[in-house]
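Colleague:
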Amino acid sequence: MWMKKISAIALVAVLMTLTAGAGFAGDAPVLETIVKNGELRVGLSGNQPPLNATSRAGELMGLEVDLAKLLGNALGVKTHFVKKPFPELLSTLKAGEVDVVISGMAITARRSIDTAFVGPYMISGKSILTNSKTLAAAEEAGEINRANLKLVALANSTSEEFVKLNLPEAQLVTTKDYDSAVNMVLNDEADAMVADMTICILTVMRYPDKGLATLAEPLSIEPVGIALSPADPQLRNLLENFMAAFEGTGILDELRKKWLESDSWIAALP
939 MWMKKISAIA
949 LVAVLMTLTA
959 GAGFAGDAPV
969 LETIVKNGEL
979 RVGLSGNQPP
989 LNATSRAGEL
999 MGLEVDLAKL
1009 LGNALGVKTH
1019 FVKKPFPELL
1029 STLKAGEVDV
1039 VISGMAITAR
1049 RSIDTAFVGP
1059 YMISGKSILT
1069 NSKTLAAAEE
1079 AGEINRANLK
1089 LVALANSTSE
1099 EFVKLNLPEA
1109 QLVTTKDYDS
1119 AVNMVLNDEA
1129 DAMVADMTIC
1139 ILTVMRYPDK
1149 GLATLAEPLS
1159 IEPVGIALSP
1169 ADPQLRNLLE
1179 NFMAAFEGTG
1189 ILDELRKKWL
1199 ESDSWIAALP
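As numbered in the numbering used here, the sequence shown has no gaps in its residue numbers, which increase by one up to the final residue, 1208.
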């Protein structure tokens, strides 16, 4: 069913892009490269469930993996995934090693200075993962801003920025991936992990016997989108058209229900 929808979406999006792109000067090198090579190179960490993760069989899965494949199909090319640690993803994009980054990348003013974004395709917010019932009962950042607390966050992430800005009294440690951060909480090496609420919720579900907990409400609101080069307005416009069509036809809603409202896929994780 999705394939039929995508074929129709692709035709409409291409026609809209040709019309909208007529006013731009120069060519579209990234889009031309995608078409010429027959593949869309997508950068992701492969370690951010439920958005993207690596299964026991070594295969990528998650909401963003499905989304990237849909975009590749709509473009009429193969989707090639490039796994990189989250802190290196935007530099990989800037170096031209990938065409887009789809990896829980929050749209922020700082990132938007030299990176373009399409979306958002979901809204997230900061929360904490902890084995402390007291911390899990916090309703605002001030209740976690204590010098005797050790917090861990993903390096170069908005979670790291959130801690530095809103929890300056706490001790901060950063890691290159979520598994390392979660293990610090499980091994009592950190009082809490600061991360997107979806990741915190799914981690609690993933380890039901470890006494983990998360906040009832997020501490912030963050839009998550597709990062790409600002130098290619035609690719940006095309992806915007695809995403609008995916939203309008209910495809994105189906993906959100599959990955954010169900835990049936957790058994496939290592």
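Positions of the beta carbon are idealized from the N, C-alpha and C atoms, including for glycine.
(1) Starting from asparagine 1104, follow the beta strand (DSSP E) in both directions and report where the run begins and ends.
(2) Taking the C-alpha atoms as reference points, what is the distance between serine 1202 and alanine 991?
(3) Fully enclosed by the segment 1006–1091, which alpha helix (DSSP H) runs are 4 residues long or longer?
(4) Apart from the five residues just before and just after cysteine 1138, which ones in its own chain have a Cβ nearer than 8 Å to its Cβ?
(5) Here's a check: name, in chain order, each residue in its chain whose Cβ is nearer than 7 Å to the Cβ of glycine 1149, leaving out the five neighbours to either side.
(6) By Cβ distance, which residues of its chain are closer than 7 Å to methionine 999, with the 5 residues on each side in sequence left out?
(7) Would you call the segment 1009–1024 and the segment 1074–1088 in contact, with 3 or more CB pairs under 8 Å?
(8) Quick one: give me the first and last residue of the beta strand (DSSP E) that alanine 1119 is part of.
(9) What residue range is occupied by the uninterrupted beta strand (DSSP E) comprising proline 1171?
(10) Determine the contact status of leucine 982 and leucine 1001, defining contact as a CB-CB distance below 9 Å.
(11) How far does the alpha helix (DSSP H) with leucine 978 in it reach, from first residue to last?
(12) Beta-carbon within less than 7 Å of threonine 1113's beta-carbon, same chain only, minus the 5 sequence neighbours each way: which residues are those?
Modeller: Answer, in terms of the structure:
(1) Segment 1096–1104 is the alpha helix (DSSP H) holding asparagine 1104; no beta strand (DSSP E) there.
(2) 14 Å
(3) 1027–1032 and 1071–1074
(4) Ser1065, Ile1066, Leu1067, Met1131, Thr1152 and Leu1153
(5) For glycine 1149, where only same-chain residues beyond five positions count, the Cβ hits under 7 Å are Asn1069.
(6) Ala991, Ser993, Trp1203 and Ala1206
(7) Under the Cβ criterion (8 Å, minimum of three pairs), the segment 1009–1024 does not count as touching the segment 1074–1088.
(8) Careful: alanine 1119 lies outside any beta strand (DSSP E), inside the alpha helix (DSSP H) at 1116–1124.
(9) Run containing proline 1171: none in the beta strand (DSSP E); it sits in the alpha helix (DSSP H), 1171–1186.
(10) Against a cut-off of 9 Å, the Cβ pair of leucine 1001 and leucine 982 comes out as no contact.
(11) Note, leucine 978: premise wrong, no alpha helix (DSSP H); beta strand (DSSP E) at 977–982.
(12) Within the same chain, threonine 1113 has close Cβ partners Val1090, Leu1092, Ala1093 and Ala1119.
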